[in-house]
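Residue numbers (the working numbering), protein chains in the order written: chain B, 57 to 614; chain R, 63 to 365.
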């Protein structure tokens, strides 16, 4: 945890939930796992208010709790997840994504659940007023909810979710140990822990969607149809009493996929981006969160059949005299529609080959059968996007020579100063200065290799290398600080015009804009412009946070 | 000079690495060994021959009349120093090494070097590898590329402008062949073999006289590697053709190079003033430097 991260979390909580919740959360952030008494003594907030604040935070899955036996009594400890708090900043992106994929009904449901943290579908229906609406509107609502659940935009909230993960594992371990007649040996303990982690993994991997139930649908079927027909007669419905919460981990997958498709669009062209988007879309059902390292298999034909019709593939790749593509052209029987189909197929195969042979190694062929089976390596994708993001940052912040040095080190691992200067083709003195500048900012690191056993500094090799964890930390500190500063500046800009904003929100002024003077209107316009700029900058910084940290499989397990 | 002396001298002068006694005897079969030895001794005394030793063998090298004239004006110490400098060839010799080899005191070496320099017989050069060391070599000898640093160095300093210009030309050449000319939005298929190689780029530089300096293939590859690290071009393994098999056999791959599309993406962090702020480390919620009072933010927002 970084100081800047803690500060940003506090600002986000203050912005969303107010100062009491912020004070309670700040105490847990600062001191870690705390019991109710500890929070009360640290915050000087009334116990009732602390309880209410904790309830809000638990409701929004930001705080988890766990019980621990302390002598004769059971103490409840509260822990906070900074990772989840930071996602509050990304809400706008999530909403835009849901609207794009689920339409307005889906967005309304999603927003209601998100605002309330955790909610039963029956309550959502009530809040949105769908009970009073006509049957088609109700049907639309049901379909939207079913899609949201099936595609895991929202997931069932279980009591287990609000228990701190570490405590939950410890409790499971204690239960397993209790089953044994004797205290466990070290080997047995390892086995128990392995069993628990396997169980966790199994639960994560399960295809079963909690909260869905099958419902018989009367659509005039005579019952004589086969099994498939019977299946169509059953509609999936969501359990009205089941509580759901927003599944941010799954939404990050869609945001990451957008970035991967953009990477290929920028590197090659729009057609390559469209093909990558198709591959990613096909991988979505089997990808739960960014924790998944490799996608499922996709055959070349399946990929090509699923490319959207509006994607322009023809005239986007030059196949020239390639023998393989010549064979495809030979299959053309001369009709214009067939020629178009063959051309499109030819372009799609050529683009697929380009993606597979890209130096990033994101798309790879897992099987040669037929036209081949393809998979996406999300771990490689995360590393590629992270490195690209860091390189751009170094290029912009320090300059092209520093960016070159960093790329040399990434490629060659550990190098001494002279070799770096030779490879990067720059004077040794300049190279040293730039390396020290990068080192001060935390983007490169040194390792000492002693030439003699006495470890005398004058007889030591100093090798420079990149430490990705340190690099990410350096960038993250800047991002957290940047977003915090934007929020503070935004609130300062609003506060300095608070009277004017209050006036503009008055009922009479809303009804009649002429009550505002020209200068006031201009000032409001300026404020709107400032807010727009600041919000856009915050969203961009957040997308950088996503690329640098959140999409890495190791980070997604938090 | 007698007949035997003349014959020995001519024989030694003809062989730059010197001649052995056995070879002289072979060339002069009618002369007795005593006459030959006396002749060699006379020539050595006159300074027309010099002794060279390689392992246990002794060679006699003829000293040309020009060289004799040159050496005639030198003292014994200067001669010794001059000889070692001459032997160092285009690599040059460092004073400390000279001291070790000659066993002369530092003052004598310094005096000899100064005298030789004043006669414009030797010159001092600086090595790019060891900029603080002064290396001595004959005036007529041009320093090796190890010392000068090759084509990338001018006056012992890396010529970054020259490198940048050449790199720009190379990048433009590669870019022109990386995407179809009739439609720059298009890309070539993965099996395309028309991307430029280092050899083609070398030819392009030579034919268009972009550089006055003679550049080797290794120099071009250094330049291309730099461009790869700049993220401007990408190295592509050659296709599996007959040529690839041949080059692979000799352990050298003739890489192809493709230009990357230039993306004008900015980093979100450097887009805001905080990314480049000189006092970012001192910025906090309270105190004199805060985001609310920040002048850089005010300028950025009014832009």
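Think of the CB as a built atom: it goes at the ideal place given N, C-alpha and C, for glycine as much as any other residue. All of these numbers come straight from a predicted model, not from anything done at the bench.
Exercise for the section: Could you tell me the distance, in whole angstroms, from the CA atom of residue 607 of chain B to the CA atom of residue 346 of chain B? Expected result: Translated into the one-based positions of the first chain, residue 607 of chain B becomes position 551. Translated into the one-based positions of the first chain, residue 346 of chain B becomes position 290. Cα-Cα distance, rounded: 5 Å.
Problem - Below-8 Å beta-carbon distance, residue 559 of chain B vs any chain R residue - result: Position 503 of the first chain, counted from the start, is the residue given in the question as residue 559 of chain B. Not an interface residue.
Handout entry: Close Cβ partners of residue 338 of chain R (< 7 Å) along its chain, the five nearest in sequence each way excluded
Key = Walking along the second chain from the start, residue 338 of chain R turns up at place 276. Contacts found: 332.
Exercise for the section: With DSSP collapsed to three states, give me the class of residue 365 of chain R. Expected result: As a working note, residue 365 of chain R is residue 303 in the second chain. Residue 365 of chain R: coil per DSSP, three-state reduction.
Exercise for the section: Check whether the Cβ atoms of residue 209 of chain R and residue 198 of chain R sit closer than 8 Å, and answer yes or no. Expected result: Locating residue 209 of chain R in the second chain gives position 147, where the first residue counts as 1. Locating residue 198 of chain R in the second chain gives position 136, where the first residue counts as 1. Not in contact: residue 209 of chain R and residue 198 of chain R (Cβ atoms no closer than 8 Å).
Practice task
Taking only the alpha-carbon atoms, compute the straight-line gap between residue 314 of chain B and residue 409 of chain B and give it to the nearest angstrom.
Solution key: Position 258 of the first chain, counting from 1, holds the residue named residue 314 of chain B. Position 353 of the first chain, counting from 1, holds the residue named residue 409 of chain B. One C-alpha to the other measures close to 21 Å.
Problem - Helix, strand or coil at residue 355 of chain B according to DSSP, with G and I counted as helix - result: Position 299 of the first chain, counted from the first residue, corresponds to residue 355 of chain B. In the structure shown, residue 355 of chain B sits in a strand (DSSP, three-state: E or B).
Practice task
Could you say if the region 321-338 of chain B and the region 401-421 of chain B meet the contact criterion of at least three C-beta pairs nearer than 8 Å?
Solution key: Touching, yes.
Handout entry: Helix, strand or coil at residue 421 of chain B according to DSSP, with G and I counted as helix
Key = Working through the first chain from its first residue, we reach residue 421 of chain B at position 365. Strand, per DSSP.
Exercise for the section: Inspect the CB distances between the region 515-531 of chain B and the region 489-507 of chain B and report whether three or more fall short of 8 Å. Expected result: The region 515-531 of chain B vs the region 489-507 of chain B: in contact.
Handout entry: Residues of the region 463-477 of chain B with Cβ closer than 8 Å to any Cβ of chain R, in chain order
Key = Result list: 463, 464 and 467.
Problem - Short CB-CB distance (under 8 Å) between residue 260 of chain B and chain R - result: Position 204 of the first chain, counted from the start, is the residue given in the question as residue 260 of chain B. So no, residue 260 of chain B is outside the interface.
Practice task
Name, in chain order, the residues that DSSP records as bridge partners for residue 100 of chain R.
Solution key: The sequence position of residue 100 of chain R within the second chain is 38, counting from 1. Residue 100 of chain R pairs with nothing; no bridge assigned.
Problem - Cβ neighbour criterion (16 or more within 10 Å) applied to residue 514 of chain B - result: Residue 514 of chain B sits at position 458 when you count from the first residue of the first chain. Residue 514 of chain B is exposed by the Cβ-count criterion.
Exercise for the section: With DSSP collapsed to three states, give me the class of residue 214 of chain R. Expected result: Your numbering for residue 214 of chain R matches position 152 in the second chain. In the structure shown, residue 214 of chain R falls within a helical segment according to DSSP collapsed to helix, strand and coil.
Problem - chain R within 8 Å of residue 413 of chain B, Cβ atoms only - result: Here residue 413 of chain B refers to the residue found at position 357 of the first chain. For residue 413 of chain B, the closest Cβ of chain R is nearer than 8 Å.
Handout entry: Three or more C-beta pairs below 8 Å linking the region 529-536 of chain B and the region 557-565 of chain B
Key = No contact exists between the region 529-536 of chain B and the region 557-565 of chain B.
Problem - CB of residue 374 of chain B within 8 Å of CB of residue 242 of chain R, strictly - result: As a working note, residue 374 of chain B is residue 318 in the first chain. As a working note, residue 242 of chain R is residue 180 in the second chain. With respect to the 8 Å criterion, residue 374 of chain B and residue 242 of chain R are classified as neighbours on the basis of their beta carbons.
Exercise for the section: Could you name the residues of the same chain whose beta carbon sits closer than 6 Å to that of residue 340 of chain B, not counting the 5 residues immediately before and after it, in chain order? Expected result: As a first step, residue 340 of chain B is located in the first chain; it is residue number 284 there, counting from the start. Excluding its 5 nearest sequence neighbours in each direction, residue 340 of chain B has no C-beta neighbour in its own chain below 6 Å.
Exercise for the section: Determine, using beta carbons only, whether residue 99 of chain R and residue 110 of chain R come nearer to each other than 8 Å. Expected result: Stepping through the second chain from its first residue, residue 99 of chain R is reached at position 37. Stepping through the second chain from its first residue, residue 110 of chain R is reached at position 48. Taking 8 Å as the Cβ cut-off, residue 99 of chain R and residue 110 of chain R do not qualify as a contacting pair.
Practice task
Please specify which runs of the alpha helix (DSSP H), each continuous and at least 4 residues long, are wholly inside the region 135-206 of chain R, giving them in chain order.
Solution key: Listed in chain order, they are 138-149, 157-164 and 168-180.
Handout entry: Cutoff 8 Å: residue 596 of chain B Cβ touching any chain R Cβ
Key = Here residue 596 of chain B is taken as the residue at index 540 of the first chain, counted from 1. It does; some Cβ of chain R falls within 8 Å.
Practice task
Give me the Cα-Cα distance between residue 81 of chain R and residue 73 of chain R, rounded to the nearest whole angstrom.
Solution key: Residue 81 of chain R sits at position 19 when you count from the first residue of the second chain. Residue 73 of chain R sits at position 11 when you count from the first residue of the second chain. In this model, residue 81 of chain R and residue 73 of chain R are separated by some 8 Å (Cα to Cα).
Exercise for the section: Kindly indicate the opening and closing residues of the alpha helix (DSSP H) around residue 494 of chain B. Expected result: For the purposes of this step, residue 494 of chain B is identified with residue 438 of the first chain, where counting begins at 1. Per DSSP, residue 494 of chain B belongs to the alpha helix (DSSP H) from 484-497.
Exercise for the section: Step through the CB atoms of chain R and report whether any lies within less than 8 Å of the CB of residue 617 of chain B. Expected result: The structure shown does not extend to residue 617 of chain B, since chain B is modelled only from 57 through 614, so no value can be given for it.
Handout entry: Interfacial residues, the region 314-333 of chain R to chain B, with Cβ spacing under 9 Å
Key = Residues are counted here when their Cβ sits less than 9 Å from a Cβ of chain B; for the region 314-333 of chain R these are 322, 323, 325, 327, 328, 329, 330, 331, 332 and 333, given in chain order.
Exercise for the section: With 8 Å as the threshold, decide whether the Cβ of residue 479 of chain B is near any Cβ in chain R. Expected result: One-based indexing of the first chain puts residue 479 of chain B at position 423. Yes, residue 479 of chain B lies at the interface with chain R (some Cβ there is under 8 Å from its Cβ).
Handout entry: Start-to-end residues for the beta strand (DSSP E) that takes in residue 122 of chain B
Key = Taking the first residue of the first chain as position 1, residue 122 of chain B is located at position 66. Note, residue 122 of chain B: beta strand (DSSP E), 119-126.
Handout entry: Status (buried if at least 16 other CB within 10 Å, exposed otherwise) for residue 325 of chain B
Key = Within the first chain, numbered from 1, the residue matching residue 325 of chain B stands at position 269. Buried: at least 16 other Cβ atoms inside 10 Å.
Exercise for the section: Note down, in chain order, every chain R residue with its Cβ under 7 Å from the Cβ of residue 324 of chain B. Expected result: Start at 1 with the first residue of the first chain, and residue 324 of chain B comes out as number 268. The answer, in chain order, is 249.
Handout entry: Cβ-based neighbour list, residue 443 of chain B, same chain, cut-off 8 Å, excluding 5 preceding and 5 following
Key = Within the first chain, residue 443 of chain B is the residue found at index 387, counting from 1. Taking C-beta separations shorter than 8 Å and ignoring five residues to either side along the sequence, the partners of residue 443 of chain B in its chain run 466, following chain order.
Exercise for the section: Give the straight-line distance between the Cα atoms of residue 194 of chain B and residue 184 of chain B, rounded to the nearest whole angstrom. Expected result: Stepping through the first chain from its first residue, residue 194 of chain B is reached at position 138. Stepping through the first chain from its first residue, residue 184 of chain B is reached at position 128. Linking residue 194 of chain B to residue 184 of chain B through their CA atoms gives a straight-line distance of about 11 Å.
Exercise for the section: Would you list, in chain order, the members of the region 271-295 of chain R that have their beta-carbon closer than 9 Å to a beta-carbon of chain B? Expected result: The region 271-295 of chain R vs chain B, Cβ under 9 Å: 284, 285, 287, 288, 290, 291, 292 and 293.
Practice task
Answer with buried or exposed for residue 287 of chain B, where buried requires no fewer than 16 other C-beta atoms within 10 angstroms of its C-beta.
Solution key: As a working mapping, residue 287 of chain B is identified with position 231 in the first chain. Note that residue 287 of chain B has pLDDT 47, beneath the 50 cutoff, so the model's placement of it is unreliable and the number below is only indicative. That one is exposed.
Exercise for the section: Go ahead and pull the three-state DSSP assignment for residue 269 of chain R. Expected result: Within the second chain, numbered from 1, the residue matching residue 269 of chain R stands at position 207. In the structure shown, residue 269 of chain R sits in a helix (DSSP, three-state: H, G or I).
Handout entry: Any C-beta of chain B under 8 Å from that of residue 240 of chain R
Key = For this step, residue 240 of chain R is matched to residue 178 along the second chain. It does not; no Cβ of chain B falls within 8 Å.
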